[in-house]
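K.L.:
Under the working numbering, the residue at position 341 of the sequence shown is numbered 330, and the numbers go up by one with no gaps.
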Amino acid sequence: MLVSFRRRAPMAAAAALLPLLASAAALAQSPSLPLSVTQATAPAPTAPTAQISVDIAARVNDDIISTYDLRQRMLLLIITSGVQPTKENIPQLEQEAMRSLVDQHLENQEIKRIAKKSKSSDLVASDKDVDDEIADIAKQNNINYAQMKRNFADSGLDIQTLREQIRTSITWQTLVGGIYGHNIRVGDDQISQQLKRLSNQASQTQYLVGEIFIEANRAGGIQQATDAANQLLAQLQQGAPFPNVARQFSGAPTAANGGDVGWISAPQVQPEVAKALEQMRPGQLSSPIPVSDGVYVVALRDKKAASSQTMVALKQAAVRLAKDAPADQVSAAAATLTALKPQLHGCDNIDQASANAKDVITADLGEADINDLGKAFKDAAEKLQAGQVSDPIRTDVGLHLIAVCSKHSGASSLPTRAEISNRLQAEQLAVMSRRYLRDLRTSATIDTR
-10 MLVSFRRRAP MAAAAALLPL LASAAALAQS PSLPLSVTQA TAPAPTAPTA
40 QISVDIAARV NDDIISTYDL RQRMLLLIIT SGVQPTKENI PQLEQEAMRS
90 LVDQHLENQE IKRIAKKSKS SDLVASDKDV DDEIADIAKQ NNINYAQMKR
140 NFADSGLDIQ TLREQIRTSI TWQTLVGGIY GHNIRVGDDQ ISQQLKRLSN
190 QASQTQYLVG EIFIEANRAG GIQQATDAAN QLLAQLQQGA PFPNVARQFS
240 GAPTAANGGD VGWISAPQVQ PEVAKALEQM RPGQLSSPIP VSDGVYVVAL
290 RDKKAASSQT MVALKQAAVR LAKDAPADQV SAAAATLTAL KPQLHGCDNI
340 DQASANAKDV ITADLGEADI NDLGKAFKDA AEKLQAGQVS DPIRTDVGLH
390 LIAVCSKHSG ASSLPTRAEI SNRLQAEQLA VMSRRYLRDL RTSATIDTR
């Protein structure tokens, strides 16, 4: 069975695109960059015509990567990832640009070899394939191709750099799918085992996670990977879009999807990552998490309680009373709330209906695990269904009516068998793609200057 997948070229969000282009334009004129990069600066269209000095930055087998190529890829990284260039991260950007150019040359060399061997003339992605991807990127940024090209040129970036990156990406994934796709087999037993495992995990807390993984081998060691992760974390904290950074810098298979891992439970990830997730709240970024072969930065997008738990969302109408309030005050408060209860339609009108009730205050208590509620509220919430309102409840701080806005199990829905099969196939193909490229790196002669 032939399995193929396409990795979309990343692009900064529309709101961030122009500031990033401005930063890239400033970078193109910066004299503080490494010599190997600044020698290849491309002038903006409005600048006077000047002679551009181009040196050799690297050799990949028989291919040459020029300093101009390196400079262009750095600018593309900045624009597509949302990372703002600083004196501290410029060396990292240069290293990542070089690594990605080396990989692209290795992929193109292998594509040419396979095309020649198979005498195939249609292996390389067509201009139409590339145009379709560019059109999608432009649409996401609310501009057209001409505007994108002009904006790129204003920053000193030739749009051909993006086009060739996209062309190689599409062709490489097609090549890998054609070579290895027929070897991928996902049996019914594998799907059933996965469903069983997911069902068992439904009894555990679920995390919706994004990941960026810096490979230690590719970065030059675990310390270098940690330093790179810290620099990326600083950019994320300053507003760089997580999916864009993941697409350009992550070494995980999820990079093609912007680092989106989906819903997982603790046993699905390495213990170090699981420990970090348990301590995080939705919306938070982790500090760099070292593991045996690299460093993770994870974003916790959402969190769901285990299926054995019941989640309730509550609102209340209450009258404040001291713990030792006299009986007549308690009776008066009870009479007020008892008269108010028939007017309440669950949570929908609790604020409006309580507005004219004497001494009554309302509050949204949010959603919580029912087991985390105080005993009085828990006892009432266990008996009530969504839309129902309790009788007055006495606590040490007052008398309360609680309305149940929603009530549900913490379990997440399970994927279909077809979805599981597609996911397993894509994971296997991604692993084969990484191994293929790793083998090409190992056997190649790569000389960086």
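All residues carry an ideal CB built from backbone N, CA and C; glycine is no exception. Predicted, not measured: the structure shown is a model, and the values here were computed from it.
Tell me the DSSP secondary structure of I203 in three-state form.
P.N.:
It is a strand residue.
K.L.:
Does DSSP put D44 in a helix, in a strand, or in coil?
P.N.:
Residue state, collapsed to three classes: coil.
K.L.:
What residues match up with D52 in a beta bridge as DSSP calls it?
P.N.:
Note: D52 sits in a beta bridge opposite V49.
K.L.:
Exposed or buried, A419, counting other C-beta atoms within 10 Å across all chains shown (16 or more means buried)?
P.N.:
A419 is buried by the Cβ-count criterion.
K.L.:
Taking Cβ to Cβ, would you say L373 is nearer than 9 Å to L326?
P.N.:
No.
K.L.:
Are the stretch 209 to 227 and the stretch 70 to 84 in contact at 8 Å, needing three or more beta carbon pairs?
P.N.:
Yes, since at least three Cβ pairs between the stretch 209 to 227 and the stretch 70 to 84 fall closer than 8 Å, the two stretches touch.
K.L.:
If you reduce the DSSP assignment to three classes, tell me which class L429 lands in.
P.N.:
In the structure shown, L429 sits in a helix (DSSP, three-state: H, G or I).
K.L.:
Does the pairing of the stretch 275 to 295 with the stretch 186 to 203 give three or more beta-carbon distances under 8 Å?
P.N.:
Yes, they touch.
K.L.:
Does the Cβ-Cβ distance between E261 and P279 come in under 9 Å?
P.N.:
Yes, they are a contact pair.
K.L.:
Just the C-alpha distance for S110 and G176, rounded to the nearest angstrom, thanks.
P.N.:
Taking the straight line joining both Cα atoms gives about 34 Å.
K.L.:
Strictly by DSSP, which residues pair up with Q305?
P.N.:
Looking at the DSSP assignment, Q305 forms a beta bridge with A352, I391.
K.L.:
Buried or exposed: where does D216 fall if 16 or more other Cβ atoms within 10 Å of its Cβ makes it buried?
P.N.:
It counts as buried.
K.L.:
With a threshold of 8 Å, are at least 3 pairs of Cβ atoms found where one atom belongs to the stretch 336 to 343 and the other to the stretch 358 to 371?
P.N.:
No, the stretch 336 to 343 is not in contact with the stretch 358 to 371.
K.L.:
Quick one: what's R383 bridged to in DSSP?
P.N.:
In the DSSP output, where bridge partners are listed per residue, R383 has L388.
K.L.:
Return the residue from the list T243, R207, D313 that minimises the CA-CA distance to R427.
P.N.:
It is R207.
K.L.:
Kindly indicate which three-state DSSP category T434 falls into: helix, strand or coil?
P.N.:
Coil, per DSSP.
K.L.:
Return the bridge partner residues of L279 from the DSSP annotation.
P.N.:
The identity of residue 279 in the sequence shown is Pro, whereas the question assumes Leu. Beta-bridge pairing links P279 to V284.
K.L.:
Label I444 either buried or exposed according to how many other C-beta atoms from any shown protein chain fall within 10 Å of its C-beta, with 16 as the threshold for buried.
P.N.:
Past the boundaries of the shown model lies residue 444; the chain is included only from -10 to 438, so the question cannot be answered.
K.L.:
Between R62 and the rest of its own chain, which residues show a CB-CB distance below 7 Å, the 5 nearest in sequence each way excluded?
P.N.:
These residues qualify, in order along the chain: A86, S89, L90, T150.
K.L.:
Does G387 get closer than 9 Å to chain C when you measure Cβ to Cβ?
P.N.:
Note that chain C does not occur in the displayed structure, where there is just one protein chain.
K.L.:
Return helix, strand or coil for R270, following the three-state DSSP convention.
P.N.:
Three-state result, R270: coil.
K.L.:
By Cβ distance, which residues of its chain are closer than 8 Å to Q318, with the 5 residues on each side in sequence left out?
P.N.:
Around Q318: L310.
K.L.:
Give me the Cβ distance between A114 and T160, rounded to the nearest whole Å; I'm assuming they're in contact under 8 Å.
P.N.:
About 5 Å; that satisfies the 8 Å criterion.
K.L.:
For A419, which three-state DSSP category applies?
P.N.:
Three-state result, A419: helix.
K.L.:
Go ahead and label D436 buried or exposed: buried means 16 or more other beta carbons lie within 10 angstroms of its beta carbon, across all protein chains shown.
P.N.:
D436 comes out exposed.
K.L.:
Check for me: the alpha helix (DSSP H) holding D340 runs from which residue to which?
P.N.:
It spans 339 to 343 - the alpha helix (DSSP H) in which D340 sits, taken as one unbroken run.
K.L.:
Thinking C-alpha only, which one of D368, A392, S320 is nearest G355?
P.N.:
Checking every option, the nearest Cα to that of G355 belongs to A392.
K.L.:
Figure out for me which residue from V301, H171, I79 has the closest Cα to the Cα of L59.
P.N.:
For the residues V301, H171, I79, the minimum Cα distance to L59 belongs to I79.
K.L.:
Here's the rule: buried if 16 or more other CB atoms are within 10 angstroms of the residue's CB, otherwise exposed. What is T163?
P.N.:
Burial call: buried.
K.L.:
In whole angstroms, what is the alpha-carbon distance linking N219 and Q268?
P.N.:
Rounded to the nearest angstrom, the two C-alpha atoms are 19 Å apart.
K.L.:
Compare the C-alpha of H171 against each of M421, S432, A433, L429 and name the closest.
P.N.:
The shortest C-alpha separation from H171 is found at M421.
K.L.:
Kindly indicate which three-state DSSP category V250 falls into: helix, strand or coil?
P.N.:
V250 falls in the strand class under three-state DSSP.
K.L.:
Who are the Cβ neighbours of H397 in its own chain at under 6 Å, not counting the five residues just before and after it?
P.N.:
The residues are M300.
K.L.:
Quick one: what's D291 bridged to in DSSP?
P.N.:
Paired residue(s): L197.
K.L.:
In three-state terms, what does DSSP make of V440?
P.N.:
In this structure the chain extends from -10 to 438, so residue 440 is not present and cannot be described.
K.L.:
Which value, in whole angstroms, describes the spacing of the CA atoms of A288 and L66?
P.N.:
Between A288 and L66, the C-alpha separation is close to 21 Å.
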